[in-house]
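Trainee:
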Amino acid sequence: MTRNIPIRIERILDFYDVPQLFIARDAFETLYLCLLYTDEQECRYTAIRISGKRIEEFLSGKTDLRELFLSPETGAEYFDVALTNNEYQITSSVPAPLSEDRLPEKGYTACTPEENENVIVKIPVSDRYLLKEIVRKFGWACM
């Protein structure tokens, strides 16, 4: 089944030459967790729908990535995501269970809190919109 639903990157969680793992949203603000499984001819990802609560569990180290992909919240519902013409799109559903080459290894968790970096940037009030856009794209927290 071909859908071609465009999604936009919300936050990149792992990057090596191309995004390896990222959070994305569709037009209805549904969250997806996307994991690269091949980048030979084009970048292709396996995606699951995910809630903000499960993302926070992953980011805090309470849940590992493999567990998220083995037990998605929406049952055994997986999606194929392709990068075509610099746009990420959900192209089809993937039958369950996932093959081992699409699953992450055990023990992969997000960075621990002590690995996080704090940066203070002073931005004039007139550039407030720019700061909001940076936070949205890169996932930085503002205080």
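Mapped onto our numbering, the consecutive letters of the sequence shown carry residue numbers 284 to 426.
Quick reminder that beta carbons are idealized off the backbone N, C-alpha and C, glycines included.
1) Are the beta-carbon atoms of N287 and T346 separated by less than 8 Å?
2) Let's see if you can read the secondary structure: which residues bound the alpha helix (DSSP H) around I338?
3) Does the beta-carbon of V377 have 16 or more other beta-carbons within 10 angstroms, so that it is buried, or is it exposed?
4) With DSSP collapsed to three states, give me the class of S375.
5) Can you tell which of D322, E383 and L316 has its C-alpha closest to the C-alpha of Y299?
6) Whose CA, out of R411, L318 and F362, lies closest to the CA of A379?
Mentor: Working from what's here:
1) Counting from one through the sequence shown, the residue named residue 287 turns up at place 4. Counting from one through the sequence shown, the residue named residue 346 turns up at place 63. Not closer than 8 Å, so no.
2) The residue labelled residue 338 in the question sits at position 55 within the sequence shown. Segment G335 to L342, the alpha helix (DSSP H) holding I338.
3) As a position in the sequence shown, residue 377 is number 94, starting the count at 1. By the neighbour-count definition (other C-beta atoms within 10 Å, threshold 16), V377 is a buried residue.
4) For this step, residue 375 is matched to residue 92 along the sequence shown. Looking at S375 - three-state DSSP - the assignment turns out to be strand.
5) As a position in the sequence shown, residue 299 is number 16, starting the count at 1. Ranking D322, E383 and L316 by Cα distance to Y299 puts D322 first.
6) The residue you call residue 379 lines up with position 96 of the sequence shown. Taking each of R411, L318 and F362 in turn and checking the Cα distance to A379, the smallest one comes out for F362.
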